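Number of protein chains: 2
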Amino acid sequence: MDETNIKSLDRLTNEFSRLPGVGKKTAARYAYFIVTGSKEQAEGFADAILEAKKSVRFCKNCGNFSDGDLCNICKKRGEKTICVVKEPKDVLAIEKAHSYTGSYHVLHGTINPLANIAPKDIKIAELMQRIAKGQTEEVILATSPDVEGEATAMYIASLVKPYGIKVTRIAQGLAAGTQLEFADEVTLTRAIADRKEV
Amino acid sequence: MDETNIKSLDRLTNEFSRLPGVGKKTAARYAYFIVTGSKEQAEGFADAILEAKKSVRFCKNCGNFSDGDLCNICKKRGEKTICVVKEPKDVLAIEKAHSYTGSYHVLHGTINPLANIAPKDIKIAELMQRIAKGQTEEVILATSPDVEGEATAMYIASLVKPYGIKVTRIAQGLAAGTQLEFADEVTLTRAIADRKEV
């Protein structure tokens with residue numbers, strides 16, 4: 003379904019197609035779902051968008067989602083260990099593992115010259131301000147092990163190390179439950195290089 | 003990202019996850035896109051939902067999307083040939099091919115006993131009312147060649163035939179540009195059975 007010649011429907015399809023990973027056909031399916039649903043459902047949806055946009059803020063300290071100035075994690079945990087991640091959803095992923103008890107810093111992006119994202123475009127300056135307070139003992143670089151994530155991690159490491167702070171990178175190797183024969187060469191090389199004595 | 007403990011964000015994620023084919027993770031990604039976007043974008047999105055729900059109606063004659071009582075197709079084309087389809091987007095698909103110049107009838111579903119969709123739940127009665135007017139010479143059954151589409155086509159054929167009207171089914175065979183070796187058995191069987199002299 004492309005142009006329906008019904009202005010409001012085409013406009014809604016267009017709005018849906020702005021969402022990440024949504025093409026014209028999927029957007030049209032979503033728009034069709036809305037117009038064939040009940041009036042209450044459509045109103046609830048529209049209200050949820052406005053309400054979330056109005057009330058969801060970002061923690062002034064770490065950049066995570068928050069409903070106040072500071073997020074719940076920053077309120078409770080100190081600045082001793084800071085785990086640096088790309089997006090708020092990465093915080094949630096690590097929190098779900100229930101194994102880390104330090105604070106976070108959300109970069110809201112990774113350095114990517116091809117997409118014109120420079121270090122100044124992500125929240126690196128804010129991280130350095132936190133570190134300058136002198137309460138931090140370790141910075142864990144937990145960006146993804148892809149090109150942009152690695153480059154960002156290396157860049158931040160070069161900024162943090164002069165402070166004499168321990169800088170670590172999350173381990174890379176075979177994921178739990180996967181089979182060795184299906185691992186790619188880079189992963190296998192790293193898994194062997196970073197082998198641990200048992 | 004599952005629960006963020008930020009009520010309005012979880013609510014928006016929940017709304018997005020109602021859309022067809024959208025799971026929790028995708029819904030969270032959409033919600034993240036909304037809250038990280040501009041206020042104007044969020045307001046435009048919410049307004050597009052309300053506006054579409056308010057102004058998009060269905061043509062009283064054929065059931066296609068419309069912004070008035072009658073859709074643009076019904077206003078211009080007669081009742082001589084009626085092409086029966088499942089959903090409004092099927093009308094758009096056929097219109098894009100620019101080869102059919104008759105009218106349509108949108109069923110808004112197909113008969114599906116497993117999902118409790120009986121003939122009375124789709125717009126078959128409305129089709130029969132149109133046919134009863136006596137202006138129709140041919141009914142083209144253009145539901146998809148799947149189990150529900152075939153059953154619906156056969157059911158409608160049995161209702162229309164007593165009126166002495168020509169009833170046709172869209173052709174089935176190999177799709178243009180596909181390779182014979184990858185065609186399934188049913189398609190190949192039909193393609194051979196419905197072979198045409200050249």
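Respectively, the protein sequence lines represent chains A and B.
For reference, each letter of the first sequence is one residue, going 3 to 200 in the working numbering.
For reference, each letter of the second sequence is one residue, going 3 to 200 in the working numbering.
C-beta: ideal position from N, C-alpha, C; glycine also.
On a predicted model such as this, the values are computed, not experimentally measured, just so you know.
Query, Result
"Contact criterion: CB-CB distance below 8 Å. Does A:E150 meet it with respect to chain B?", "no"
"Could you check whether the Cβ of A:S57 sits closer than 8 Å to any Cβ belonging to chain B?", "yes"
"Please classify B:R288: does DSSP put it in a helix, a strand, or coil?", "The first residue shown for chain B is 3 and the last is 200, placing residue 288 of chain B beyond what the model contains."
"Within a Cβ cutoff of 6 Å, which residues of the same chain sit near B:A29, ignoring the five residues on either side of it in sequence?", "T15, F18, S19"
"Buried or exposed for B:K198, going by 16 or more other Cβ atoms inside 10 Å?", "exposed"
"What in chain B is Cβ-close to A:V37, meaning under 8 Å?", "A54, K55, V58, F67"
"Under 6 Å Cβ to Cβ from B:L190, same chain only, skipping five residues before and after it: list those, please.", "none"
"Could you check if B:M3 is buried or exposed, using at least 16 other CB atoms within 10 Å of its CB as the buried criterion?", "Here B:M3 scores only 41 on pLDDT, less than 50, and its place in the model should not be relied on; the value that follows carries that caveat. B:M3 should be labelled buried."
"Which complete beta strand (DSSP E) runs does the region 99-187 of chain A hold, if anything under 3 residues is left out?", "105-108, 140-143, 168-171"
"Name, please, each residue of chain B whose Cβ falls closer than 9 Å to the Cβ of A:I119.", "Simply none; closest approach about 14 Å."
"Does the CB of B:I126 have a neighbour CB from chain D at under 8 Å?", "Considering every chain present, this structure includes no chain D. Its protein chains are A and B."
"Roughly how many angstroms lie between the CA atoms of A:G283 and A:F60, to the nearest whole one?", "The requested residue 283 of chain A does not occur in the structure, where chain A is confined to residues 3 to 200."
"Give me, in chain order, the residues of the same chain whose beta-carbon lies closer than 7 Å to that of A:D71; leave out the 5 immediate sequence neighbours on both sides.", "K62"
"Would you grab the beta carbon distance between A:L52 and A:A33 for me? Rounded to a whole angstrom, and I think it's under 8 Å.", "About 19 Å; that fails the 8 Å criterion."
"Among A:A193, A:Q181, A:L143, A:Y157, which has the Cα closest to the Cα of A:V169?", "A:L143"
"B:E81 and B:T38: beta carbons closer than 8 Å?", "no"
"Looking only at its own chain, which residues have a Cβ that is under 6 Å from the Cβ of B:I172, when we skip the five neighbours before and after it?", "A144"
"Is the region 76-93 of chain A in contact with the region 114-123 of chain A, if contact means three or more CB pairs nearer than 8 Å?", "no"
"By how many angstroms is the C-alpha of A:Y106 removed from the C-alpha of A:A194?", "First, the amino acid is wrong: residue 194 of chain A is Ile here, not Ala. Between A:I194 and A:Y106, the C-alpha separation is close to 29 Å."
"For A:A99, which residues of its own chain have a beta-carbon under 8 Å away from its beta-carbon, when the five flanking residues on both sides are left out?", "none"
"For B:V87, which residues does DSSP report across the bridge?", "B:V108"
"Out of curiosity, what's the CA-to-CA distance linking B:V141 and B:I8?", "54 Å"
"Based on the DSSP output, what are the partners of B:S68 in its beta bridges?", "B:R59"
"Spatial neighbours of A:V93 within its chain, please: C-beta separation below 7 Å, excluding the five flanking residues on both sides.", "N66, V87, Y106, V108"
"Measuring only the C-alpha atoms, how far is A:A44 from A:P164?", "54 Å"
"If you draw a straight line from the alpha carbon of B:K125 to that of B:R79, how long is it in whole angstroms?", "20 Å"
"Just the chain B side, please: which residues come within less than 7 Å of A:R79 by C-beta, in chain order?", "Near A:R79 there are no residues of chain B at all, since even the closest Cβ is about 15 Å away, more than 7 Å."
"Do you know offhand how far A:G23's Cα is from B:G25's?", "13 Å"
"Suppose you measure from the CA of B:L182 to the CA of A:K41; what does that come to, to the nearest Å?", "47 Å"
"DSSP on B:N16, reduced to helix/strand/coil?", "helix"
"Alpha carbon to alpha carbon, how far is B:A95 from B:V180? Give it in angstroms, no decimals.", "The sequence shown places Thr at residue 180 of chain B, rather than the Val named in the question. Approximately 19 Å between the Cα atoms of the pair."
"Around the C-beta of A:F184, are 16 or more other C-beta atoms found within 10 angstroms, so that it is buried, or is it exposed?", "exposed"
"Tell me where the alpha helix (DSSP H) around B:N74 begins and ends.", "74-78"
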